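Everything below concerns the one structure shown next.
Residue numbers (UniProt numbering), protein chains in the order written: chain A, 1 to 245; chain B, 1 to 245.
Structure (structure tokens):
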């Protein structure tokens, strides 16, 4: 996956803490290629390390560059994340469309990058102008407070979500045969058991309603996704309720 | 949108800061219905307010409850977020599939909730047993460090992404309210009723297995797509079995 994965380029990041938090966000979803353009407080930065909490390999492998051009020298498709879209004549993509674009390029053997701006002001127009397209996270227009690491997190999530969508869904392991769906014959026996016992305590009353009530109860058992363990427990509960007398 | 949006239920949250950060994460993507179950440091909490940074309306409207049943009393579809899936026989969904499920329920007029556990330990099995399904964010198995607010953020993002993706399907007509899915509070009461009566007849035996058996039984009720009519019938059947003595 890593060969296809986009590089995460932090442009003029201010706080080391945020660089560390971005590294964590990346690694949560399997992104490992971090590139820093002009980090304000120099590099390496102990505050980044402290915040990375285990994502140190991402920080250790991070490369530092003077400009976006150098940072993304090997990338032929670059996306600029911005909160505000500022009249640049450039496609504005949702994270979903952006990642789809990245994947299409990667599938063609191209390397890709996503640019994230400084915490306070975001990317400048000159930065955005270098990108192939703009990515804008569709936040609530009445309240937008995504920080740098959250924005990285959402893009990384979107990447992994789409990558996973390609693979066949992971089989749900059901090692215990008792958790397998109960075969119809077992559900039938369960329904019989309950009907018999409830008949014995005059549950199906008044008599003219009994057929309808019995059908409803049968329908209930057969609509339920019962496992074999469930069936066994429902037999046991009923036996014990009757025996409890 | 807010009528269809899921409630965010924070179960036994520890730090006020994280409640505030969760409120921000929610509001970023237009979710406003926060419910708190047993917040450790009481409520209201000044630390939450300080962290909310403008998402105060979410905190001010937040409701506090003693248990999950009460917090999600009006919700008939409840999802439990967990990092680890722990051998409960319950569907495990990606955020994408979970939100699709929420939207389908919402389109049918049902209210829904997503449960998030305490920061340190996450939801307990007894909490998860109350949910209809499990949501697990597909993080890197070699590095998973999502915090509470990040997890809320990803679910909220996924919600908004799908809402933006297409118009919600037209509401399905459900003429008979008794055939509507039972709200969580009714399922909770049904589970209580059965547990009490089965306790009285020593069903949960031997004692060291009782907690496991009780959880399995709760898990059974919450996994089943019970209608209100089903719940009523299962109450009635139990009453009659006990009375039959």
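Don't be surprised by glycine CBs; every beta carbon is placed ideally from N, CA and C.
Predicted model, so just to flag it, every value in this text is computed and none were measured.
- By the Cβ-count criterion, residue 57(B) is exposed, with fewer than 16 other Cβ atoms from all chains shown falling within 10 Å of its own Cβ.
- Approximately 7 angstroms separates the beta-carbon atoms of residue 13(B) and residue 40(B); this is inside 8 angstroms, confirming the contact.
- Proximity to residue 196(A) across 238(A), 46(A), 25(A) and 72(A) peaks at 238(A), based on C-alpha coordinates.
- In terms of CA proximity to residue 120(A), 146(A) leads the group 244(A), 146(A), 214(A) and 186(A).
- In this structure, residue 228(A) lies near residue 180(A), with their beta-carbon atoms less than 8 angstroms apart.
- Nearest CB-CB separation between residue 203(A) and chain B: below the 8 angstroms threshold.
- Here DSSP, grouped into helix, strand and coil, assigns residue 52(B) to helix.
- Residue state for residue 35(A) is assigned as strand, using DSSP reduced to three classes.
- With contacts defined by Cβ atoms closer than 8 angstroms, residue 50(A) and residue 20(A) form a contacting pair.
- Put simply, the CB of residue 179(A) is near chain B, with a gap under 8 angstroms to one of its CB atoms.
- Residues of chain A with a Cβ closer than 7 angstroms to the Cβ of residue 24(B) are, in chain order, 145.
- In this structure, the straight-line span from the alpha carbon of residue 233(A) to that of residue 194(A) is close to 13 angstroms.
- By alpha-carbon distance to residue 236(A), the top candidate from 213(B), 135(B), 236(B) and 22(B) is 213(B).
- Along the stretch 75-91 of chain B, the positions whose C-beta sits under 8 angstroms from a C-beta of chain A are 89 and 91, read in chain order.
- When Cβ-Cβ separations below 8 angstroms define contact, residue 54(A) makes contact with chain B.
- At a cut-off of 8 angstroms between beta carbons, residue 27(B) contacts chain A.
- Residue 203(A) counts as buried, since at least 16 other C-beta atoms from the protein chains shown sit within 10 angstroms of its C-beta.
- The alpha-carbon separation between residue 160(B) and residue 98(A) amounts to approximately 16 angstroms.
- Residues of chain B whose Cβ lies closer than 7 angstroms to the Cβ of residue 157(A) are, in chain order, 154.
- Closest in alpha carbon position to residue 226(B), among 43(B), 132(B) and 198(B), is 132(B).
- A straight line joining the alpha-carbon of residue 188(B) with that of residue 113(A) spans about 49 angstroms.
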